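Residue numbers (UniProt numbering), protein chains in the order written: chain C, 1 to 491; chain E, 1 to 735.
This report concerns only the one structure given below.
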Amino acid sequence: MGSYFKLTGILVNIPSLLAVQPKSKKTLAKSGVKNIVVVEGVRIPFLQSGYCLHGANSVCFHLLCRGLLNRTSVPRDVVDYIVYGTVIQEVKTSNVAREAALGAGFSDKTPAHTVTMACISSNQAMTTGVGMIAAGQCDVVVAGGVELMSDVPIRHSRKMRKTMLTLNRAKTLGQKLSLISKIRPDYFAPELPAVAEFSTSETMGHSADRLAAAFGISRLEQDEYALRSHTLAKKAQDGGLLLDVVPFKVPGKDTVTKDNGIRPSSMEQMGKLKPAFVKPYGTVTAANSSFLTDGASAVLLMSEEKALAMGYKPKAYLRDFVYVSQDPKDQLLLGPTYATPKVLEKAGLTMADIDVFEFHEAFAGQILANLKAMDSDWFAQNCMGRKSKVGAPPLEKFNNWGGSLSLGHPFAATGCRLVITAAHRLKKEGGQYGLVAACAAGGQVMMLHGLALFPLERGSNYISAPVSTMKSSPVTPGVGAPLKSRGTGCL
Amino acid sequence: MLAVISPRPLLFRVSVKLFYVSSFSFLKSTEHKLITRFCLFPARSHVSCDIKGDVAVVRFNTPNSKVNTLSRQLSSEFTDVMNEIWANEAVKSAVLISSKPGSFIAGADIDMIEACKTSQEVTQLSQEGQKMLEKIEQSPKPVVAAISGSCLGGGLEVGLPAAFDMMLTGRNIRADRAKKMGLVDQLVDPLGPGMKAPEARTIEYLEEVAIGFARGLANRTVSAKRSKGLIQSKSLCFSGMYYAMALPFVRRQVYKTVENKVQKQTKGLYPAPLKIIEVVKTGLDQGHDAGYLIESQSFGQLAVTKEAKALIGLYHGQVLCKKNKFGTPQREVKTLAVLGAGLMGAGIAQVSVDKGLKTILKDTAQQGLDRGQQQVFKGLNSKVKKKSLTSFERDSILSNLTGQLDYKGFEKADMVIEAVFEDINIKHKVLKEVEAVIPAHCIFASNTSALPISQIAAVSKRPEKVIGMHYFSPVDRMQLLEIITTDKTSQDTAASAVAVGLKQGKVVIVVKDGPGFYTTRCLGPMLAEVVRVLQEGIDPKKIDAISTAFGFPVGAATLIDEVGVDVATHVAEDLGKAFGERFGGGSIELFKLMVEKGFLGRKAGKGFYVYQEGVKNRSLNSGMDEILARFKVPAKPEVCTDEDIQMRLVTRFVNEAAMCLQEGILSNPVEGDIGAVFGLGFPPCLGGPFRYADSYGAKQLVDKLRKYEAVYGSQFTPCQLLLDYANSPSKKFHQ
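In structure tokens:
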């Protein structure tokens with residue numbers, strides 16, 4: 001297991017991969033648009049929240065970046081830009097990307113910025129990178145995301161904050177004392193980060209339960225799906241398929257080498273659990289939901305020319321992506337249904353063309369609801385304004401190496417995991433096109449005049465990013481030669 | 001124990017208010033021997049029954065109606081169905097549910113109660129209901145009520161103090177609150193779209209969950225023990241109360257406190273609340289049976305009182321005034337512009353924007369605009385504080401409100417409502433300005449309380465698009481909207497104005513144009529009389545006490561302060577010019593002097609009273625002493641008893657209302673009653689001026705008028721219509 005680090009560890013697995021003959025359908029390359037490739041992707045093992053990570057976000061991420069740099073041997077000063085996603089922000093490191101980049105030993109000349117978009121923050125990081133490369137701004141971008149649910153910032157109450165800030169401005173001792181004397185015991189009650197949707201005050205689990213009910217999805221179906229996720233993840237883990245995982249030395253503790261949330265259970269065991277949100281008759285339980293997770297992930301994106309010039313053999317092309325948003329109350333988690341037909345149409349593909357589906361599993365009920373919605377003409381006609389349904393992805397191509405339910409879901413780190421898993425599966429299974437989708441919470445807001453908040457974009461955002469193509473030999477022999485010396489990729 | 005849940009119909013509430021619970025509650029169950037009898041369920045029109053496994057699902061569905069009401073037919077079918085369920089061995093439990101999304105059972109059928117000739121008949125109805133629900137309460141098989149929408153409170157008359165308030169005021173309760181109070185056991189949240197329409201799937205889901213519970217109760221996997229709610233001693237405070245209520249002397253003290261409170265609020269004008277206390281008292285002191293008996297008897301008695309008739313009349317009137325008699329307008333109003341961000345303008349903007357209308361609020365000065373926008377924010381924010389709105393919803397509502405100083409965007413407005421200063425020249429100026437920028441289909445509505453609309457429309461290029469929309473202050477709380485049509489106003493313009501009013505949640509009356517229209521015109525003579533009474537040396541507090549004792553929700557002097565002395569002066573002058581002597585009585589100079597001194601009423605902080613932020617017991621404005629002294633006239637002792645003063649005020653009101661009907665300003669007495677009660681606070685227990693004329697007697701009214709006429713002259717001369725009714729005793733305004 002320790003051989004993840006070494007190149008040989010990867011190479012050992014390659015022959016079996018090469019045995020599969022890849023399909024070769026049309027290319028999705030667009031004339032006039034640069035081809036953008038994923039050179040490599042890594043993540044630290046996803047760990048159940050509270051397990052062992054107590055370091056700062058930035059520490060975690062810079063260790064991961066070192067992992068990425070090590071694995072790719074990419075010279076640090078080649079990286080033009082770093083984009084990095086996080087959801088629950090640490091106040092001290094508001095541009096955590098920059099802090100992490102410096103800590104990881106990237107050149108201090110490499111700019112870095114942080115993005116946030118709930119559960120699709122690292123998707124946002126990647127598409128930001130894609131945009132920058134496509135626009136000709138850079139050639140090499142590191143994109144990623146990190147989430148540490150073990151250590152979230154907890155604030156003083158609003159009243160206390162106000163008093164403390166006023167105290168800063170108080171000039172005389174008398175003024176200070178009078179302010180201090182106004183502090184009451186209730187001022188000390190801390191304010192935890194909101195777990196509920198801002199616009200509706202509904203927790204996501206509650207929303208998922210209502211969604212499952214709206215689509216008539218039973219508890220049994222949800223448990224079965226969750227069990228499938230855990231079983232497949234276990235199989236993938238045991239089979240050494242989760243190549244993106246790099247060992248992680250927890251500061252002050254041992255090195256962790258694998259995801260620790262994978263626990264295939266039995267239907268009986270799962271059936272015993274009580275509903276976690278809608279009590280006592282709901283169907284969403286702890287076992288069929290994704291759990292709070294610590295983790296980080298990153299990908300190295302390059303323009304194809306640059307990658308080839310540097311002698312890398314890319315893992316995948318990033319082709320198209322689309323973000324959609326809809327009603328945050330009743331369709332909070334239905335994004336994939338809306339986005340899938342859109343991105344397929346954009347790429348000129350049909351559902352049948354896709355070989356690998358990697359969808360973020362927030363809740364088993366949510367995945368099943370999306371599958372049903374995609375397969376429902378009523379939904380397509382009444383909610384999406386389409387003539388007919390797009391059809392559900394076949395389950396045998398769907399999240400075959402586990403998903404967020406079993407591997408865990410560090411909010412801002414899931415997106416990169418989906419993309420790199422899709423790339424690895426395409427290779428392993430000999431597919432050509434992959435489709436990645438994730439749903440996320442929230443609407444975006446903008447402050448105006450301090451009077452009120454005006455929603456600009458409502459609803460759950462969703463990204464279907466990207467349609468990736470994997471070609472068996474994208475490199476010409478001549479360019480391919482230096483690959484050996486670089487020693488990464490899939491040779 | 002006190003807290004037995006008795007799911008009796010709330011028949012004894014006279015004003016048939018609905019209370020809203022979108023959730024379900026399950027009733028108690030006890031094990032019992034079953035009688036074996038199988039039967040097929042015959043076809044029924046109001047209640048149907050499905051057997052799903054071992055659970056019977058009983059569905060209420062009053063045909064051809066938006067809501068289910070407890071009618072004779074529904075009750076008897078329900079009784080039959082329940083008897084069959086109890087007799088059917090294969091059925092282990094039952095679920096009660098409505099087939100109508102949004103309405104479980106809205107309450108007793110008012111028509112059914114109205115049709116009863118005697119109190120005994122009503123008592124009998126009530127007893128039948130009690131019996132049925134008592135049987136359900138003691139049902140050997142668990143019965144789960146799955147409630148979505150308006151519902152009369154099964155288990156409402158829980159004999160505990162926390163429930164008093166609700167029983168007495170009949171207010172609406174949200175589902176989450178009902179759960180907290182322990183009225184319902186579980187809540188089911190409405191679902192979004194799935195593979196069918198959300199409403200349909202929600203009802204289906206509610207049924208599924210209820211069936212699960214019913215089954216669980218029957219096979220004892222779910223505990224029938226009601227989760228403890230507020231009423232049943234969740235918090236320490238209530239728990240103390242709960243045990244204390246078991247002690248007779250504590251109980252007596254509680255009764256006394258509640259009675260005093262009720263007496264203070266109702267002034268003894270409404271018999272129902274006191275009866276309710278009596279019923280609860282009997283139930284607690286002498287047991288259930290005595291409680292049930294007196295409940296049904298009291299209900300019978302109350303149902304035939306004149307107060308009940310008045311309130312039922314208002315209910316019907318309100319239903320009528322919630323319909324658009326002009327039909328659907330050609331174009332729906334989507335963008336509304338309000339001119340003037342004063343109290344009225346901002347109020348109109350508030351009730352529009354929170355109903356989803358895109359609203360432009362325009363003023364001429366930044367300061368005024370800021371104040372108006374702040375008023376809208378404050379109005380919505382108070383809903384956030386009461387938790388009927390989330391802060392997010394507030395912000396998202398506010399995003400549809402645009403405050404501005406210019407006419408930008410008016411080219412997209414479907415309707416403009418002006419609420420600028422009450423001056424015909426300003427109104428003309430504004431009308432011309434607006435007509436230059438609005439599209440051809442746009443309606444111009446004037447919110448004026450007295451200026452005739454035809455006069456305003458005189459400078460319009462398109463008088464068919466001009467209409468009056470008279471709102472009442474505070475707009476977000478006053479239910480009435482008086483719409484005024486001129487001879488030139490088109491039907492479609494009227495239809496559009498009514499549609500907007502209804503959308504804003506208003507009860508709408510439509511009257512003909514004329515000085516003061518209907519409401520202001522009725523109020524005019526009464527306020528003139530108030531001034532005369534003041535001049536005769538009665539102080540404002542006394543006038544307030546006398547008028548509220550008659551049933552007016554706001555005292556007459558306070559009313560002037562609320563309306564604004566300057567506005568009152570304006571109106572009085574205008575109406576005085578139009579109607580002459582009949583609108584005389586008090587001296588208008590008194591008002592003018594008040595205006596001069598800045599005593600403009602509440603808005604200025606001083607009027608008859610002094611208004612201070614945060615001070616509840618306002619005191620008389622001492623600055624008024626001098627003014628009142630200056631205008632003092634000798635009182636006429638023969639017409640100065642409290643009752644005479646009340647009647648002087650009310651008869652002038654009623655006489656003017658009758659004259660509006662006589663002149664065709666009003667098209668019917670129903671709108672007259674609704675306008676007076678909802679717009680001017682005419683005592684609801686009297687049902688409005690016309691119903692009051694019926695119940696008091698037109699002849700008796702005319703006699704009173706003649707008596708005062710002899711003292712004061714033509715201001716009290718009864719109008720012809722009233723005389724006609726007085727001359728033929730069988731003639732009634734309301735048949």
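We put the CB at the ideal spot given by N, CA and C, even for glycine.
Computed from a prediction, not measured in an experiment: that's the story for all the values here.
{"Query": "For E:K325, the residue or residues it bridges with in DSSP", "Result": "The partner list for E:K325 (beta bridge, DSSP) is empty, contrary to what the question assumes."}
{"Query": "Contacting residues, own chain, Cβ-Cβ under 6 Å from C:E268 (five flanking each side not counted)", "Result": "none"}
{"Query": "C:I420 beta carbon less than 8 Å from that of C:D244", "Result": "yes"}
{"Query": "Burial state of E:K465, where buried means 16 or more other Cβ atoms lie within 10 Å", "Result": "buried"}
{"Query": "Rounded straight-line distance, which links the Cα of C:A101 to that of C:L300", "Result": "14 Å"}
{"Query": "Positions along the region 200 to 212 of chain C whose CB lies within less than 8 Å of some CB in chain E", "Result": "T200, S201, H206, R210 and L211"}
{"Query": "Residue environment, E:N68, which counts as buried when at least 16 other CB atoms sit within 10 Å", "Result": "buried"}
{"Query": "Supposed close pair C:Y433, C:L349 - CB separation, criterion 8 Å", "Result": "6 Å"}
{"Query": "Endpoints, the beta strand (DSSP E) within which E:V416 is located", "Result": "M415 to E418"}
{"Query": "Neighbour flag for C:N382 against chain E, beta carbons, 8 Å", "Result": "yes"}
{"Query": "Any C-beta of chain C under 8 Å from that of E:G327", "Result": "no"}
{"Query": "8 Å Cβ cutoff met for E:A308 and E:L314", "Result": "no"}
{"Query": "Three-state class that DSSP yields for C:E191 in the structure shown", "Result": "strand"}
{"Query": "Contact with chain C by E:L96, beta-carbon distance below 8 Å", "Result": "no"}
{"Query": "Local Cβ density within 10 Å of residue 736 of chain E, reported as buried at 16 or more and exposed below that", "Result": "One cannot answer for residue 736 of chain E here, as it falls past the ends of chain E, which runs 1 to 735."}
{"Query": "Residue range of the unbroken alpha helix (DSSP H) whose run includes E:L206", "Result": "P198 to A218"}
{"Query": "Those residues which DSSP pairs with E:A108 across a bridge", "Result": "E:L70"}
{"Query": "CB contact below 8 Å: E:K189 versus chain C", "Result": "Checking the sequence, you will find Asp at residue 189 of chain E rather than Lys. For E:D189, the answer is yes, since a Cβ of chain C falls inside 8 Å of its Cβ."}
{"Query": "Beta carbon proximity, E:V209 to chain C, threshold 8 Å", "Result": "yes"}
{"Query": "CB-CB length for E:F122 against E:G300, believed under 8 Å", "Result": "A quick correction: the sequence has Val, not Phe, at residue 122 of chain E. Right, the Cβ-Cβ distance comes to about 4 Å (below 8 Å), so this counts as a contact."}
{"Query": "Rounded C-alpha distance that separates C:V83 from C:K109", "Result": "14 Å"}
{"Query": "Three-state class that DSSP yields for E:E482 in the structure shown", "Result": "strand"}
{"Query": "Backbone CA spacing between E:R656 and E:E589 [nearest angstrom]", "Result": "Sequence inspection shows Glu at residue 656 of chain E; the Arg mentioned does not correspond to that position. Each residue's alpha carbon lies about 23 Å from the other."}
{"Query": "E:I426 classed as buried or exposed, judged by whether at least 16 other C-beta atoms fall within 10 angstroms", "Result": "exposed"}
{"Query": "Other residues of its chain near E:Y270: CB distance less than 7 Å, five sequence neighbours each side excluded", "Result": "E307 and C685"}
{"Query": "is_contact[C:D330, chain E] using C-beta, thresh 8 Å", "Result": "yes"}
{"Query": "C-alpha gap between E:V319 and E:A494, whole angstroms", "Result": "19 Å"}
{"Query": "contact_flag[the region 591 to 599 of chain E, the region 622 to 636 of chain E] where n(CB pairs < 8 Å) is 3 or more", "Result": "yes"}
{"Query": "Minimum Cβ-Cβ distance from E:T390 to chain C less than 8 Å", "Result": "yes"}
{"Query": "Beta-carbon separation (whole angstroms), C:H230 vs C:G402, contact threshold 8 Å", "Result": "7 Å"}
{"Query": "Chain-ordered residues of the region 288 to 307 of chain C with a beta carbon less than 8 Å from chain E", "Result": "none"}
{"Query": "Distance between beta carbons of C:L334 and C:N370, contact taken as under 8 Å", "Result": "6 Å"}
{"Query": "Any beta strand (DSSP E) of 3 or more consecutive residues that is wholly inside the region 55 to 119 of chain C", "Result": "81 to 85 and 112 to 115"}
{"Query": "Contacting residues, own chain, Cβ-Cβ under 7 Å from C:L220 (five flanking each side not counted)", "Result": "none"}
{"Query": "Proximal chain E residues relative to C:S218, where beta-carbon distance stays under 7 Å", "Result": "Going along chain E, no residue has its Cβ under 7 Å from C:S218, so there is no contact; the nearest lies around 10 Å."}
{"Query": "Short CB-CB distance (under 8 Å) between residue 507 of chain C and chain E", "Result": "Chain C is shown only over 1 to 491; residue 507 of chain C falls outside these bounds and no answer can be derived."}
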